[in-house]
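Participant:
Protein chains: 2
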Amino acid sequence: MAFSSWFSRLRSSSKPVYNNLRHSFFYKHRTHSNIREVLNPDKKHAPILSWASSLVPVAFAVYAGSLALETQNNPSFCDASNLDHREVSIGGKGSTDYLVRGSHKDVPQELIDDLMAICPENVTMDYDERYFHGKPQNSFHKAVNIPDVVVFPRSADEVSKIVKSCDKHKVPIVPYGGATSIEGHTLSPNGGVCIDMTLMKSIKSLHVEDMDVVVEPGIGWMELNEYLEPFGLFFPLDPGPGATIGGMCATRCSGSLAVRYGTMRDNVINLKVVLHNGDIVKTGSRARKSAAGYDLTRLLIGSEGTLGVITEVTLRLQRIPQHSVVAMCNFPTIKDAADVAIATMLSGIQVSRVELLDEVQVKAVNLANGKNLPEVPTLMFEFIGTEAYSREQTLIVQKIASEHNGSDFVFAEDPEAKKELWKIRKEALWACFALEPNFEAMISDVCVPLSCLAELITRSKQELDASPLVCTVIAHAGDGNFHTVILFDPKQEDQRQEAERLNHFMVHTALSMEGTCTGEHGVGTGKMKYLEEELGIEALMTMKKIKAALDPNNIMNPGKLIPPHVCF
Amino acid sequence: MAFSSWFSRLRSSSKPVYNNLRHSFFYKHRTHSNIREVLNPDKKHAPILSWASSLVPVAFAVYAGSLALETQNNPSFCDASNLDHREVSIGGKGSTDYLVRGSHKDVPQELIDDLMAICPENVTMDYDERYFHGKPQNSFHKAVNIPDVVVFPRSADEVSKIVKSCDKHKVPIVPYGGATSIEGHTLSPNGGVCIDMTLMKSIKSLHVEDMDVVVEPGIGWMELNEYLEPFGLFFPLDPGPGATIGGMCATRCSGSLAVRYGTMRDNVINLKVVLHNGDIVKTGSRARKSAAGYDLTRLLIGSEGTLGVITEVTLRLQRIPQHSVVAMCNFPTIKDAADVAIATMLSGIQVSRVELLDEVQVKAVNLANGKNLPEVPTLMFEFIGTEAYSREQTLIVQKIASEHNGSDFVFAEDPEAKKELWKIRKEALWACFALEPNFEAMISDVCVPLSCLAELITRSKQELDASPLVCTVIAHAGDGNFHTVILFDPKQEDQRQEAERLNHFMVHTALSMEGTCTGEHGVGTGKMKYLEEELGIEALMTMKKIKAALDPNNIMNPGKLIPPHVCF
Chain A
728 MAFSSWFSRL RSSSKPVYNN LRHSFFYKHR THSNIREVLN PDKKHAPILS
778 WASSLVPVAF AVYAGSLALE TQNNPSFCDA SNLDHREVSI GGKGSTDYLV
828 RGSHKDVPQE LIDDLMAICP ENVTMDYDER YFHGKPQNSF HKAVNIPDVV
878 VFPRSADEVS KIVKSCDKHK VPIVPYGGAT SIEGHTLSPN GGVCIDMTLM
928 KSIKSLHVED MDVVVEPGIG WMELNEYLEP FGLFFPLDPG PGATIGGMCA
978 TRCSGSLAVR YGTMRDNVIN LKVVLHNGDI VKTGSRARKS AAGYDLTRLL
1028 IGSEGTLGVI TEVTLRLQRI PQHSVVAMCN FPTIKDAADV AIATMLSGIQ
1078 VSRVELLDEV QVKAVNLANG KNLPEVPTLM FEFIGTEAYS REQTLIVQKI
1128 ASEHNGSDFV FAEDPEAKKE LWKIRKEALW ACFALEPNFE AMISDVCVPL
1178 SCLAELITRS KQELDASPLV CTVIAHAGDG NFHTVILFDP KQEDQRQEAE
1228 RLNHFMVHTA LSMEGTCTGE HGVGTGKMKY LEEELGIEAL MTMKKIKAAL
1278 DPNNIMNPGK LIPPHVCF
Chain B
728 MAFSSWFSRL RSSSKPVYNN LRHSFFYKHR THSNIREVLN PDKKHAPILS
778 WASSLVPVAF AVYAGSLALE TQNNPSFCDA SNLDHREVSI GGKGSTDYLV
828 RGSHKDVPQE LIDDLMAICP ENVTMDYDER YFHGKPQNSF HKAVNIPDVV
878 VFPRSADEVS KIVKSCDKHK VPIVPYGGAT SIEGHTLSPN GGVCIDMTLM
928 KSIKSLHVED MDVVVEPGIG WMELNEYLEP FGLFFPLDPG PGATIGGMCA
978 TRCSGSLAVR YGTMRDNVIN LKVVLHNGDI VKTGSRARKS AAGYDLTRLL
1028 IGSEGTLGVI TEVTLRLQRI PQHSVVAMCN FPTIKDAADV AIATMLSGIQ
1078 VSRVELLDEV QVKAVNLANG KNLPEVPTLM FEFIGTEAYS REQTLIVQKI
1128 ASEHNGSDFV FAEDPEAKKE LWKIRKEALW ACFALEPNFE AMISDVCVPL
1178 SCLAELITRS KQELDASPLV CTVIAHAGDG NFHTVILFDP KQEDQRQEAE
1228 RLNHFMVHTA LSMEGTCTGE HGVGTGKMKY LEEELGIEAL MTMKKIKAAL
1278 DPNNIMNPGK LIPPHVCF
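Printed below as a string of structure tokens:
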């Protein structure tokens, strides 16, 4: 699960409050915007940091030094030097910093005129709106700039014109959805134009017999599922509540149901995407499978807005299961719990969820919700199918658990009881802040081959438990996907650095096990520095070649995903 | 299912005979090759047709004319004109021809010397061997040239050196596996170097607990499954028997089990791939899911050798089901049968196979196998899971079938009875030739959204039944994937043209239903002409940009997948 929206909930006390907050920003600044306001924006707030700001940490200077050296030794690196908005993010190789730097140039008036002509009612340069879009609440990472302009297109045609104009002026764009991502995906380190897609949220067509739906990218997955429920269908990806379908495509997200239904990679049939030159590309037909040409759908899924702006998504849907059982079981050690997850997967049973919570996480749940659960490693399952099959699976897994020191195996079939049981997992991240109410969280995820999960969690737990910081562990254990929530006092730089150190430890341990630095949260700026170790420079050069071919002016979310030291 | 290997079986009477045939070619010409033979190949057989051959059909001249016109009007088209081996295949837009044309230049002696130095025992220029590699038995399409050299590398390092040398000399390469594809993927219309990967067939590591295996690309899926069986695991893709894992990746194949387990897209964890410059790229970690960067794995799967040569594949495996039930049911009309397939999918049941055979196909089965099945549209199912669940699913589907005029519902649980029942489907293509023993077959596949399957089959059947040719229909009905086998006398040009016309009709009907021109067989040269209608020119230009970025000298299987008229 992408935890980001839980985080939003904490910060805004409740989801409705958060939504109201967004609406107040939105309507205050956008619906009242007019040409005069746009052309004479409130300039009293300058971008927080300029290119040469003294606030840039020393560590960046060190990195910038090595960058300069690389540039000298490898002239091909300079191929991008003619770009107006060259990426100089510090999230690159070897960097341990969280502040994302970028170059900034004023947006040409001609571009602003273009944007006003394209969507006259939906362009703003109001500072508060720009600040809101440049400082996602959920990101551990911060940027030195915020967008110069925010636009809210209403159609693919408008997106096409916006992007084409930005390309002409070589001004960076950052596509923006629910902004629930947590690796800095929606930061605007180079300023530029933020394209907020949340007005494009219609359901264009539902095909019940084909079990697919065509939507605009700004719709949230929860809204979509509310719409689908009467048809007996649902979309089986469940990241944080505020996530939009477009953002979920862009980050290749998954969630707790991925063990059964796969990730966004597996659940998108096709996309429509606006490329740098304004071309609208359809990536596939509506057939469930196809061998017709390069898999542009999958290339775009997970590309984090660096190749194109998604304007339409055709999603594969699932039938709401006839029946489900939710079960919970306690274990003396985290290894026992992980071993049961592995044994369950090896049994051939197709569980729909296998979630692992460590004892600290359970403690947080108790504190936050007034529960009295045993504060030990805990596994939660969901089994689906016919009534008989759901029960059969439950009994098989109960037996597996008992063979691995499991105790207190409980399960529920009654809808209310299931809801109560599953609430524990659903509110896990939210509950963390009960442990340290005034702290921020660094949330990270890695994923390893299943057999390594127990060892990875055990080794990580040793490090986390030895740290002065409070850290919890939650895993989508059936996928080998493992999350930590590391709570730190944002006023204490040493605590922030300790959080980073723990994250580094976890990522490097996962990589040493042939794992990945991110199973579902994406790269953004936060995970760029690990990609070379994970994939090798040849893979990154290949990505860079693709990026250069499809975005020659480097306007599409520059400074994200591909580490800046990669050249070809 | 990719039917190609069934075709091979026909041609060689039986699989062992076919294998012996291949071995005899292989050992005769390769193991006896030596430097003298390679440097002084038997030159008595020239390539069959030269660039300006008078045998090129009139239709090509028409197409070439339009090509020249496009070149004049769009100078960017000429970007590729500096290539030594420019693609001039006739499988492009509007073409209805099956003969694949290409340019041919002599392979430089320096390259031959390089190849000899890289794998001295495994290079040949023997005519029979080159002919064998240039004329795949299963392809409806033929090429005007055959490879100039065939190499059989034994390691990724050798592949890297071969490709790098070919790139230096701008000589085309064609990767070659089981050669069971049927859309002309392994043709060498430009001559050049055929890289036969079948010596690279080792199983590098099996991870039982992770349910994955790392293999070299030359291994066949059937050999792999023989190896995996004692571990209780299997790889769930089942194209024609001779297909290799590398070729299956390259064509994004699937098969009858895709309805349950997905296609190659869903079952490959990562790849190692040699790029044009010899770089060996690792496309991902061994984690089950990852959000770390562009999905190079999926970009390469289905790229048909046009972006790189696959040298290693990590495959996701499945547990062999505890229990299975095979069932069969008859219907008065093809629409009834298709409707039951749709209703089954909508019921939420996860069948592992739903296969549809039309009455002509059943007639062929009766003729070939001495059976006495009712010659009516027939559905075959496989249900898997626990014993109880398999039976439960069977009964649910039996009820669905009875509500749609199904009759004679039979099912089997005994291993021998299941084998006997499933044999009917497994040998379906093989059986077709019992209808016309001396004919060739044009085999094609399309895929549509599930709700359109009944109408597509009904409309196609009207056209097929009205044709003087004998045509059978087989569908992976749960995926909306539909195949025809059109038998024609290769000596009768009008029959060949009629086969093409029927194929066109079926493809265009599928495209009009938001379907794809190929669900699992791939593009090769045969389906290029439909891609623009399916995806639009913008998508094809995007593919071409990626191709140009990753293969600047256009040496990787040129003339395949991307229609030659596409420019940017």
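Same order as they appear, the protein sequences are chains A and B.
Position one of the first sequence corresponds to residue 728 (our numbering), numbered consecutively onward.
Position one of the second sequence corresponds to residue 728 (our numbering), numbered consecutively onward.
All residues carry an ideal CB built from backbone N, CA and C; glycine is no exception.
Leaving out five residues before and five after L1148 (chain A) in sequence, what residues of the same chain have Cβ atoms less than 7 Å from its Cβ?
Facilitator: V1053, M1055 and A1139
Participant: Would you tell me roughly how many angstroms separate the C-alpha atoms of A1161 (chain A) and E1154 (chain A), rounded to the nearest one?
Facilitator: 11 Å
Participant: Can you check which of these residues, A:G1251, A:D1135, A:V940 and A:I909, is closest to F1058 (chain A) by C-alpha distance?
Facilitator: A:D1135
Participant: Flag S993 (chain B) as yes if its beta-carbon sits less than 8 Å from any beta-carbon of chain A, otherwise no.
Facilitator: The displayed chain sequence assigns Asp, not Ser, to residue 993 (chain B). Cβ-Cβ to chain A under 8 Å: yes for D993 (chain B).
Participant: Name the two residues that bound the continuous alpha helix (DSSP H) containing C976 (chain B).
Facilitator: I972 to T978
Participant: Beta carbon of S1051 (chain A), beta carbon of F1110 (chain A): below 8 Å?
Facilitator: Yes, Cβ-Cβ distance for S1051 (chain A) and F1110 (chain A) is below 8 Å.
Participant: Ignore the nearest five residues each way along the sequence and tell me which others in N1284 (chain A)'s own chain have a CB closer than 8 Å to its CB.
Facilitator: P899, I900, V901, P902, H912, E1031, G1032 and T1033
Participant: Looking at chain B, which residues of the region 963–984 of chain A have a Cβ within less than 9 Å of any of its Cβ atoms?
Facilitator: T978, R979, C980 and S981
Participant: Go ahead and label L1122 (chain A) buried or exposed: buried means 16 or more other beta carbons lie within 10 angstroms of its beta carbon, across all protein chains shown.
Facilitator: exposed
Participant: CA-CA distance, R1043 (chain B) and L842 (chain A)?
Facilitator: 47 Å
Participant: Between the region 989–1014 of chain A and chain B, which residues of the former have a C-beta closer than 8 Å to a C-beta of the latter?
Facilitator: G989, T990, R992, D993, L1002, D1006, I1007, V1008, K1009, T1010, G1011, S1012, R1013 and A1014
Participant: Given a threshold of 16 other Cβ atoms within 10 Å of its Cβ, counted over all protein chains shown, does S1239 (chain B) qualify as buried or as exposed?
Facilitator: exposed
Participant: Let me know the secondary structure DSSP gives V986 (chain B) once reduced to three states.
Facilitator: helix
Participant: Taking the straight line between their C-alpha atoms, what separation do you get for S915 (chain B) and D923 (chain B)?
Facilitator: Taking the Cα positions, S915 (chain B) is about 12 Å away from D923 (chain B).
Participant: Restricting to runs no shorter than 3 residues, where is the beta strand (DSSP E) found entirely within the region 984–1026 of chain A?
Facilitator: 995–1001 and 1007–1009
Participant: Looking at chain A, which residues of the region 1018–1031 of chain B have a Cβ within less than 7 Å of any of its Cβ atoms?
Facilitator: Close to chain A, meaning a Cβ-Cβ distance shorter than 7 Å, are the following residues of the region 1018–1031 of chain B: A1018, A1019, G1020, Y1021, D1022, L1023, R1025, L1026, I1028, G1029 and S1030.
Participant: Quick check: is the beta carbon of D1206 (chain B) nearer than 8 Å to any beta carbon in chain A?
Facilitator: yes
Participant: If the criterion is Cβ atoms closer than 8 Å, does the pair V920 (chain A) and P874 (chain A) meet it?
Facilitator: Against a cut-off of 8 Å, the Cβ pair of P874 (chain A) and V920 (chain A) comes out as a contact.
Participant: Where do the ends of the alpha helix (DSSP H) carrying E1109 (chain A) lie?
Facilitator: Element bounds for E1109 (chain A): not the alpha helix (DSSP H) but the beta strand (DSSP E), T1105 to G1112.
Participant: Quick check: the Cα distance between Y754 (chain A) and G904 (chain A), rounded to an integer number of angstroms?
Facilitator: At Y754 (chain A) the pLDDT is 33, less than 50, meaning the model places this residue with poor confidence; the figure from the coordinates comes in the next sentence. Straight-line Cα distance between these residues: approximately 17 Å.
Participant: Considering only C-alpha positions, which residue in the set B:L1262, B:V1081, B:I1037 and B:L826 is nearest to V941 (chain B)?
Facilitator: B:I1037
Participant: With three or more C-beta pairs closer than 8 Å as the rule, is the region 1014–1032 of chain B touching the region 1245–1262 of chain A?
Facilitator: Yes, the region 1245–1262 of chain A touches the region 1014–1032 of chain B.
Participant: When you compare each of A:G982, A:I839, A:G1112 and A:V1067 to I1127 (chain A) by their alpha carbons, which one comes out closest?
Facilitator: A:V1067
Participant: Where DSSP assigns a beta bridge to C1159 (chain A), which residues make up the other side?
Facilitator: Paired residue(s): none; C1159 (chain A) is not in a bridge.
Participant: Taking only three categories from DSSP, how would you classify F1138 (chain A)?
Facilitator: strand
Participant: Could you tell me whether the region 945–957 of chain A touches the region 1172–1183 of chain A, using the rule of 3 or more Cβ pairs below 8 Å?
Facilitator: no
Participant: Alpha carbon to alpha carbon, what distance is there between A1014 (chain A) and P1176 (chain B)?
Facilitator: 5 Å
Participant: Could you work out which residue in A:T1269, A:D855, A:M1270 and A:L1277 is closest to K1272 (chain B) when comparing CA atoms only?
Facilitator: A:L1277
Participant: V850 (chain A): buried (16+ other C-beta within 10 angstroms of its C-beta) or exposed?
Facilitator: buried
Participant: Which word fits P1195 (chain B), buried or exposed, when buried means at least 16 other C-beta atoms lie within 10 angstroms of its C-beta?
Facilitator: exposed
Participant: Closer than 7 Å by beta-carbon distance: list the chain B residues that pair up with S1178 (chain A), in chain order.
Facilitator: H934, E936 and D937
Participant: When you check each C-beta in the region 1038–1069 of chain B against every C-beta of chain A, which residues fall closer than 7 Å?
Facilitator: Residues are counted here when their Cβ sits less than 7 Å from a Cβ of chain A; for the region 1038–1069 of chain B these are R1046, P1048, Q1049 and I1069, given in chain order.
Participant: List in chain order: all unbroken alpha helix (DSSP H) runs of 4+ residues lying wholly within the region 853–895 of chain B.
Facilitator: 854–861
Participant: In chain order, what residues of the same chain have a beta carbon less than 6 Å from the beta carbon of L1288 (chain B), not counting five sequence neighbours either side?
Facilitator: For L1288 (chain B), where only same-chain residues beyond five positions count, the Cβ hits under 6 Å are E1031, T1033 and V1250.
Participant: By the three-class DSSP mapping on this structure, what secondary structure does Y825 (chain A) have?
Facilitator: coil
Participant: If I measure Cβ to Cβ from V1089 (chain B) and keep anything under 6 Å in the same chain, skipping five residues before and after, which residues do I get?
Facilitator: Only L1100, E1102 and T1105 meet the Cβ criterion.
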